[in-house]
Amino acid sequence: MIDVKKINYSIDGTQILENISFKFEKGKFYGILGPNGSGKTTFLDILSGYKKATESEIYIEDKELKEYSHLEMAKKIAIVPQKFDIVFPFSVEEILEMGRYPYKRKFSSLQKKDYEIIDSVVKEIGLEKLLKKEITTLSGGEEQRVIFGKALIQKTPVLFLDESTSNLDPYYSHTLLSVVKKRVKKEKVTIIGVFHDFNLATLYCDEILLFEKGKIVKSGKTEDVLNSKKLEEVFKIGWRKYKTEKHTFVFPNLRGDKDD
27 MIDVKKINYS IDGTQILENI SFKFEKGKFY GILGPNGSGK TTFLDILSGY KKATESEIYI
87 EDKELKEYSH LEMAKKIAIV PQKFDIVFPF SVEEILEMGR YPYKRKFSSL QKKDYEIIDS
147 VVKEIGLEKL LKKEITTLSG GEEQRVIFGK ALIQKTPVLF LDESTSNLDP YYSHTLLSVV
207 KKRVKKEKVT IIGVFHDFNL ATLYCDEILL FEKGKIVKSG KTEDVLNSKK LEEVFKIGWR
267 KYKTEKHTFV FPNLRGDKDD
């Protein structure tokens with residue numbers, strides 16, 4: 027689905043990403059973990075074309091990234107950023123409609139199918155009461171739900187989540203991640219998400235990429251990465267692990283307690 031070969035990125039002589047290669051498969055949810063400044067968001071920015079790597083080969087569905095137009099990219103990748111700065115008082119309804127703009131013909135209006143997609147997402151993630159409100163009047167969590175909705179309305183085969191649940195309470199964090207997880211299973215969407223909450227990653231991600239100093243130092247099935255010694259080495263802290271039948275949850279171990 028997305029084939030990344032030898033991404034290098036530097037700013038003023040400082041290496042931010044170094045020799046990153048990875049192949050993201052269709053229909054999987056990938057989580058990216060790593061300390062602050064390890065290159066996680068920069069990696070997503072390069073994959074989306076927002077930033078240009080110093081050196082790279084990136085293929086999306088067997089076509090090189092640089093060959094895509096902006097319109098074509100908008101039909102391939104939707105992005106939910108951690109923060110979305112909107113200063114114009116668009117209504118929530120207008121923001122959501124923007125998710126269908128890549129499919130709109132020039133000088134034409136949205137079609138019945140577009141509104142059906144919008145209505146379906148609105149109901150699925152509970153945005154009905156916000157539709158007529160101005161985006162600039164919403165709380166941080168409400169705004170994030172709207173941006174999440176806009177990305178889902180784009181109906182792309184790839185979805186990037188950059189710490190996208192950081193402004194959400196636990197209920198909406200799980201609600202929205204459950205919705206996108208369904209997309210993975212039913213529509214074979216590929217999701218790549220940056221997480222700071224390891225236990226959200228545990229619940230929803232199929233595989234984890236562990237970043238340190240601009241490199242992928244460990245990757246694989248979520249359980250394997252979270253159970254590896256590399257986690258302690260990268261974050262320089264011990265972790266207490268609590269295992270259930272399906273998942274391994276990890277918590278900072280500041281007292282030296284034993285795992286359950």
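In this note's numbering, the protein residues as written are 27 to 286.
Glycine residues also receive a C-beta, built at the ideal position from the N, C-alpha and C atoms.
As the structure is a computational prediction, the values presented were derived from the model and not from experiment.
Rounding to the nearest angstrom, what Cα-Cα distance links residue i and residue j in this structure?
i: E138; j: L122; result: According to the sequence shown, residue 138 is Lys rather than Glu. Between K138 and L122, the C-alpha separation is close to 15 Å.
i: L97; j: W265; result: 44 Å
i: E160; j: L202; result: 21 Å
i: V206; j: I33; result: 27 Å
i: K214; j: K247; result: 18 Å
i: K256; j: K262; result: 10 Å
i: E90; j: S64; result: 25 Å
i: S95; j: L70; result: 18 Å
i: P128; j: V148; result: 19 Å
i: F237; j: I46; result: 10 Å
i: F277; j: E249; result: 14 Å
i: R131; j: Y85; result: 27 Å
i: L59; j: F133; result: 43 Å
i: K211; j: S204; result: 11 Å
i: G39; j: F110; result: 29 Å
i: L157; j: E169; result: 11 Å
Measuring CB to CB, does residue i end up less than 8 Å from residue j?
i: L153; j: V113; result: no
i: D195; j: G166; result: no
i: V106; j: I151; result: no
i: G240; j: Q41; result: yes
i: K52; j: T216; result: yes
i: P61; j: V251; result: no
i: T182; j: I103; result: yes
i: S74; j: F224; result: no
i: E93; j: M27; result: no
Could you pull the DSSP bridge partners for residue i from this structure?
i: R266; result: F277
i: K89; result: I86
i: A104; result: L185
i: V30; result: F48 and I84
i: E160; result: S117
i: V220; result: I58 and D188
Please list, in chain order, all residues of the same chain as residue i whose beta carbon is under 7 Å from its beta carbon, the five residues on each side excluded.
i: M124; result: K176
i: S199; result: T191 and L226
i: K244; result: L236, V251, S254 and K256
Measuring only between beta-carbons, confirm whether residue i sits less than 8 Å from chain B.
i: Y197; result: The question asks about chain B, but that chain is absent: this structure has only one protein chain.
Here's a check: name, in chain order, each residue in its chain whose Cβ is nearer than 6 Å to the Cβ of residue i, leaving out the five neighbours to either side.
i: G57; result: G219, F221, A227, C231 and I234
i: D188; result: T67, L70, P107, Q108 and V220
i: R209; result: V215
i: S192; result: Q108
i: K49; result: D29
i: E83; result: K31
i: T80; result: N34, Y35 and S36
If you drop the 5 nearest sequence neighbours on each side, which residues of the same chain put their C-beta closer than 8 Å to that of residue i?
i: R126; result: L136, D140, I143, I144, I179 and Q180
i: P115; result: E160, I161, T162 and T163
Just verifying my parser: in three-state terms, what is the DSSP assignment at residue i?
i: V215; result: coil
i: Q41; result: strand
i: D250; result: helix
i: F237; result: strand
i: S199; result: helix
i: I242; result: strand
i: L59; result: strand
i: Y36; result: The residue you asked about is not Tyr; residue 36 is Ser in the sequence shown. Reduced to three states, the DSSP call for S36 is strand.
i: S146; result: helix
i: E259; result: helix
i: S74; result: coil
i: A79; result: coil
Tell me whether residue i counts as near the ligand ATP, meaning its Cβ is closer than 7 Å to at least one heavy atom of that ligand.
i: K207; result: By its list of ligands, the structure shown contains no ligand whatsoever, and the ligand ATP lies outside what it can speak to.
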